[in-house]
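> Numbering of the sequence shown is given in the working numbering, commencing with residue 4 and proceeding in unit increments.
By construction, the Cβ of each residue, glycine as well, lies at the ideal position given by its N, Cα and C atoms.
Handing you a structure now.
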Amino acid sequence: MDPCAEDRQSPSKRLEGKVALITGSARGIGGATAKLFAKNGAYVVIADILDELGSKLADSIGGRYIHCDVSKEEDVESAVEFALAWKGKLDIMFNNAGVGGPGGSISSLNMEDVRALLSINLFGIIHGIKHASRAMIAGKNGGSIICSSSSAAIMGGLADIL
Numbered sequence: 004m005d006p007c008a009e010d011r012q013s014p015s016k017r018l019e020g021k022v023a024l025i026t027g028s029a030r031g032i033g034g035a036t037a038k039l040f041a042k043n044g045a046y047v048v049i050a051d052i053l054d055e056l057g058s059k060l061a062d063s064i065g066g067r068y069i070h071c072d073v074s075k076e077e078d079v080e081s082a083v084e085f086a087l088a089w090k091g092k093l094d095i096m097f098n099n100a101g102v103g104g105p106g107g108s109i110s111s112l113n114m115e116d117v118r119a120l121l122s123i124n125l126f127g128i129i130h131g132i133k134h135a136s137r138a139m140i141a142g143k144n145g146g147s148i149i150c151s152s153s154s155a156a157i158m159g160g161l162a163d164i165l
């Protein structure tokens, strides 16, 4: 048997006692990350707009759920405050929430669609960085802020000019 296979299956607990807030974590990459973080000992806050899925996932991993629309700064601030109220600190902020853009030609873009996309994919990340960094600086223990994107960000949709 491959000795490394056992290591891949057993949790390392390297996140033991860490508090993680993950946006867009009711499913997909965020959901898988939430499960992995919890398996490795982290306390996880699921922050999403998918209330039923988010609550169910949080319950299954011993975490907490909060409704959070990252396009609204006050929602992100509330999610950070929720994590602080639960465990007294925030060690990891994973800005994962994002949406795909509308397809079609750039010459016929609906600018309201572009604004909606930017409010989530750009400003949502900024909201997360702003409020997580404030909490981490105040906590005096530092932390990790992770921002993700998908291949759709470079493959486009908004800029399909062919």
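(1) Apart from the five residues just before and just after V205, which ones in its own chain have a Cβ nearer than 6 Å to its Cβ?
(2) Put S147 into one of helix, strand or coil per three-state DSSP.
(3) Tell me the rounded alpha-carbon separation between G65 and E19.
(4) Is R67 helix, strand or coil when you go by DSSP?
(5) What residues in its chain sit with their C-beta under 6 Å from that of L120, if we drop five residues either side in the sequence?
(6) If you follow the beta strand (DSSP E) that N43 is part of, which residue opens it and which one closes it?
(7) What is the C-beta distance between K75 and Y46, in whole angstroms, given that I count them as a contact (C-beta under 8 Å)?
(8) Judging by CA-CA distance, which residue of G106, L24, K59, D62 is the nearest neighbour of C71?
(9) Could you tell me which residues DSSP puts in a beta bridge with I25?
(10) Of the choices A141, A100, A41, whose alpha-carbon is the least far from that of I32?
(11) Classify A61: buried if its beta carbon has 16 or more other beta carbons within 10 angstroms, exposed otherwise.
(12) Could you give the DSSP three-state label for H19: helix, strand or coil?
(13) Please report the distance separating the alpha-carbon of V22 from that of S122.
(14) With a CB to CB cut of under 6 Å and the five nearest residues on each side skipped, what residues in its chain are close to C150?
(15) For K59, does the three-state DSSP call read helix, strand or coil?
This is what the structure gives:
(1) A query on residue 205 cannot be resolved here, the shown segment of the chain reaching from 4 to 165 and no further.
(2) strand
(3) 13 Å
(4) strand
(5) G104
(6) Note, N43: premise wrong, no beta strand (DSSP E); not H, not E.
(7) Actually they are not in contact, since the Cβ atoms of K75 and Y46 sit about 24 Å apart, beyond 8 Å.
(8) L24
(9) I49, F97
(10) A100
(11) buried
(12) Note on residue identity: the sequence assigns Glu, not His, to residue 19. In this structure, E19 counts as coil in the three-state DSSP scheme.
(13) 26 Å
(14) N98, I128
(15) helix
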